[in-house]
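Residue numbers (the numbering used here), protein chains in the order written: chain C, 1 to 173; chain F, 174 to 346. In this text, a Cβ means the ideal position worked out from N, Cα and C, and glycines have one as well. The structure appears below as structure tokens.
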DNA sequence: TATTGTTATACTCTATAACTATA
DNA sequence: TATAGTTATAGAGTATAACAATA
């Protein structure tokens, strides 16, 4: 490859990059290759979504992790704490305080299991189940607002692509 | 709508949901509607990517935000602190400690601007520029590992979809 | 008055180590 | 020995309020 040809390719690459960035709306300050990185895009989207979530759920004082835990317990009554942790992707140690709070508010409860004396079986209280109906409504509005610019097939595809990153088998995890 | 028709639709909905979840690999514990939520998928993907990033960059002791800041400063020498903050999406107050650390390590430096005595103009040091070449190599490997399961067009589409969530104009932001 | 950088502070999330009681 | 839950602790990310210097 000659120097001239290389130069032309670099100009094309720069042009394509700039166009991609303008397309993405990052047109004020040059983010360089950041704008094309999956990790950067994921982080920014996550901040946007979490901020809206917190605002949406502020009147019921529920955070994203709490909503996730309540949902999993509701769908899988009797689950052990460690099972909820592995399903949601949090550490056992960090789950204790979280669950204490849900129990204190009367939304969930620990029951000692008969089969394994070490483990707790988790359930929603009646109050917790009623509460979840309200939470699902709030979440539906929140989710609609976040994905308002996406067609339904785009939203489904987005989730699928993200899951392929999350669930890809990797040697060093 | 009759009760029977409603029942059939619910069964179909459950079937589609279960299939979507198996498809996503969440087949051990029922995550309910969590598995289809963009926010949940984004959070899980972000954790996966950040953990790999931290492992990949552990030998150079660089965190995602630091890499982002160094990249933006390199591409836009002379930028003010507040400009970097708004570009990356962090608070001015939190940027101070971050920049102090980069300055302490001799990677970036603050220069007083002539036009505005309040502001600092930010630059990479020579050491910082050399360092960035190494960081970009590490990042390339990391990014490839994260997107190994995606075709190139899928990766580009993923970033574009995420940016449409991040950059969508919303009334209450 | 508004903006820039800064300090102080608080809360959440994530992670590790170590303990106890059961298995 | 290994697992389930727990406690303690540390570090990073995010957020707000308030201040001094400057615009």
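At a cut-off of 8 Å between C-beta atoms, residue 41/C counts as an interface residue with respect to chain F.
With a 10 Å radius around the Cβ and a threshold of 16 neighbouring Cβ atoms, residue 114/C comes out exposed. The beta-bridge partner set that DSSP reports for residue 252/F consists of 295/F. Under DSSP, residue 111/C forms a beta bridge with 121/C. Contact between residue 280/F and residue 252/F is ruled out by a C-beta separation of about 15 Å, above the 8 Å threshold. Secondary structure at residue 36/C: helix, using DSSP grouped into helix, strand and coil.
Interface with chain C (8 Å Cβ-Cβ cutoff): residue 322/F is included. With 16 or more other Cβ atoms from the protein chains shown falling within 10 Å of its own Cβ, residue 143/C counts as buried. By alpha-carbon distance to residue 328/F, the top candidate from 42/C, 152/C, 49/C, 101/C is 42/C.
By the criterion of a C-beta distance shorter than 8 Å, residue 99/C is surrounded in its chain by 69, 81, 108, 110, 122, once the five residues flanking it on both sides are discounted. DSSP, reduced to helix, strand and coil, places residue 336/F within a helical segment of the structure shown. Of 132/C, 65/C, 164/C, the smallest CA-CA separation from residue 90/C is found for 65/C. In this structure, residue 244/F lies near residue 34/C, with their beta-carbon atoms less than 8 Å apart. With fewer than 16 neighbouring CB atoms inside 10 Å of its own CB, residue 227/F falls in the exposed class. For residue 270/F, the enclosing alpha helix (DSSP H) starts and ends at 265-277.
At a cut-off of 8 Å between beta carbons, residue 251/F makes no contact with chain C. Using beta-carbon distances, residue 248/F counts as an interface residue toward chain C, with a partner under 8 Å. In the three-state DSSP reduction, residue 322/F falls in the coil class, being neither helix nor strand. Between residue 75/C and residue 203/F, the beta carbon gap of about 5 Å places them in contact (Cβ cut-off 8 Å).
Between residue 341/F and residue 149/C, the C-beta spacing is below 8 Å.
Chain F has a Cβ within less than 8 Å of the Cβ of residue 159/C. Collapsing the DSSP output to three states places residue 72/C in a helix. Listed along chain C, no residue sits closer than 8 Å to residue 307/F by beta-carbon distance, the nearest being about 15 Å off.
For residue 56/C against residue 138/C, the beta-carbon gap comes to about 6 Å, under 8 Å, which counts as contact. Nearest Cα to residue 73/C within the set 39/C, 146/C, 126/C: 126/C. By the CB criterion at 8 Å, residue 39/C and residue 222/F fall inside the cutoff. The beta carbon of residue 103/C is closer than 7 Å to those of 109, 110 in its chain, skipping five residues each way along the sequence.
At least 8 Å separates the CB of residue 233/F from every CB of chain C. Closest option to residue 51/C, judged by alpha-carbon separation, among 152/C, 161/C, 146/C, 60/C: 146/C.
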